[in-house]
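Quick notes on the structure that follows.
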Amino acid sequence: MAFALVVPALLLAAWWRPLPGPSAAYALAGRVPWSDGSDYWSAAQHLLQQGMLDEWGSRRPMNGAFLAARLALGGDHLLAALLMQSALLALALAALVGVAANRLGMLASATLGAALLAPIAVVQCTTQSEGLGLLLAIASMAALLRACAGRGGSSSVEPRVTSLSIGMALLTVAMIARPGALLMIPALAVGAVVFAWRSGRRAAVTTATGLVAAVAIGISVNGAAKLLYADPSSLANANFAGTLLGLARGTDYYEADAWLRSQLSPWSDERERSELAYAESWTLVREQPGVLAQSLLRNLGRFVSRAWPLLAIAGIGLWRAPRSERWLWISGWCGVLLSVPIVFGDGGVRALAASWPFLLASAAAALRSRPATAPPISARELTATRPFAALGVGAAVVALAFVLLVPLVARPVGLLESLPRHGSFEVDQYPSPGTEWVDWV
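All you need for the working numbering is the position in the sequence shown, starting with 1, plus 11.
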């Protein structure tokens with residue numbers, strides 16, 4: 012099914028490419044303003060026209076660059092750019108479903124694929140960072156599941172280092188592209204090393220070395236994007252300052268942002284607001300640590316009250332999991348539960364976008380057709396998953412190539428120069444199409 016979605020998506024993108032002007036004005040009015048979508052679109056336009064992301068887009072440079080590259084390749088057609096994203100998501104989903112069918116069985120695999128269609132349907136039609144984060148996280152989950160087969164398909168708890176390293180590198184990039192349950196990364200790393208230790212000290216050292224290299228590569232990808240495209244005066248992840256201030260004040264990001272605006276002039280930039288937020292946060296944490304603790308516990312309680320069915324089903328999946336796979340579910344859930352108190356209060360479920368594939372896979376594992384006591388899969392069975400894992404990694408590599416190779420495809424052409432305008436409005440000084448029915452601008 013996923014493959015069937017790729018072909019028409021690519022054909023439509025190719026068909027839209029040579030048409031004069033963008034595909035339709037409604038694409039901007041209906042897609043871009045959604046949440047932070049207009050800000051990412053504006054950042055992408057800034058990059059295409061001036062060679063640098065704006066200050067807002069520089070906080071998370073990868074998604075702005077990803078969108079800019081797709082707009083450039085698609086002839087500045089927003090829908091063509093979104094179709095490219097949809098095609099990559101479909102390829103990554105096909106990869107995960109293929110690996111899950113081998114590891115968990117057909118029923119669990121089909122359930123996981125169907126469950127992931129819901130978040131994919133939400134994010135694939137927007138310019139949000141959730142699209143890139145979800146794409147990379149799906150590819151990462153395919154690699155991590157394959158790593159759980161053990162070396163040579165044996166029953167050893169030692170993970171397959173190559174698949175594990177690839178999965179962790181992609182997960183690191185996903186968590187940076189769409190920050191959320193960031194503590195999953197150290198939690199999974201510790202879990203993999205501890206379980207590998209049972210196979211010997213050498214196995215643990217090899218696993219740890221691969222993980223360190225993988226996380227370093229993931230961080231380097233974001234660093235390269237920031238070095239290439241970010242505004243030098245910007246502050247990476249400046250918006251986390253508002254989250255921290257909201258926790259320290261016992262409120263949320265939006266109340267904290269309103270307080271910051273009342274303390275600074277309207278012309279203050281992101282760096283000024285962030286520096287004030289961090290300074291005020293540390294002061295409040297030292298003076299009133301109990302407020303921070305209450306905020307963290309409140310967010311954890313909100314998550315558990317909403318996600319307890321998922322937790323219960325994931326517990327069944329853990330009980331039915333083979334020994335070589337338990338480290339993944341235990342460590343991953345520990346990372347999520349440690350991260351939720353920090354991020355869930357502001358972003359809710361959306362903040363966990365890069366964790367959705369893991370969360371849904373842990374629940375789908377409850378439907379596995381291969382019991383925990385079954386013999387380990389053979390080397391031949393494991394080899395059969397290689398094309399699927401390669402497909403997921405390939406989709407992720409293409410997405411990251413879009414991020415890092417913008418200068419090769421970008422051209423300084425305004426998005427809407429060829430459209431006749433019946434009045435216009437602006438998104439961060441870039442003209443957008445005005446039409447008779449958008450008379451409120």
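We put the beta carbon where it would ideally sit given N, CA and C, even for glycine.
query = Does the beta-carbon distance from Gly116 to Arg379 come in below 7 angstroms?
reply = yes
key: Beta-carbon proximity list for Ala76, same chain, < 6 angstroms, skipping 5 on both sides   = Ala236, Tyr240, Val414 and Val417
request  = Since I believe Ala377 is in contact with Ile324 (beta carbons under 8 angstroms), could you give me their beta-carbon distance rounded to a whole number of angstroms?
outcome  = 5 angstroms
task = State the Cα-Cα distance for the pair Gly358 and Tyr265, rounded to the nearest angstrom.
result = 11 angstroms
query = Quick one, which of Ala375, Leu123, Leu307 and Phe399 has its alpha-carbon nearest Phe355's?
reply = Leu307
key: Leu256 vs Leu303 beta-carbon contact at 7 angstroms   = no
query = So, helix, strand or coil for Ala111, using DSSP?
reply = helix
ask   = Are there three or more Cβ pairs, one per stretch, closer than 8 angstroms when the stretch 142-159 is compared with the stretch 174-192?
value = yes
message = Can you list, in chain order, the residues of its chain with a C-beta nearer than 6 angstroms to that of Leu182? Leave out the 5 residues immediately preceding and following it.
response = Ser151
ask   = Are the CB atoms of Phe314 and Val110 nearer to each other than 7 angstroms?
value = no
key: beta-carbon Gly326 near the ligand NAD non-hydrogen atom, thresh 6 angstroms   = Among the ligands in the structure shown, none appear at all, so the ligand NAD cannot be discussed.
task = Take Leu147 as the anchor and find which of Leu127, Met186, Ala160 and Leu123 has the nearest alpha-carbon.
result = Met186
key: Where Val226 falls, given that 16 or more other Cβ within 10 Å makes a residue buried   = buried
task = Report all residues from its chain with a CB closer than 7 angstroms to the CB of Asn250; omit the five preceding and five following residues, and keep chain order.
result = Arg70
Span separating the alpha-carbon of Pro333 from that of Leu118 = 17 angstroms
message = When you compare the CB positions of Leu99 and Ala410, do they come within less than 7 angstroms of one another, or not?
response = yes
message = I want to know whether the stretch 289-298 touches the stretch 76-85 - three or more CB-CB distances under 8 angstroms.
response = no
key: Per-residue burial, Val408 [other beta carbons within 10 Å of its own, 16 or more giving buried]   = exposed
request  = For Arg334, name the three-state secondary structure that DSSP assigns.
outcome  = helix
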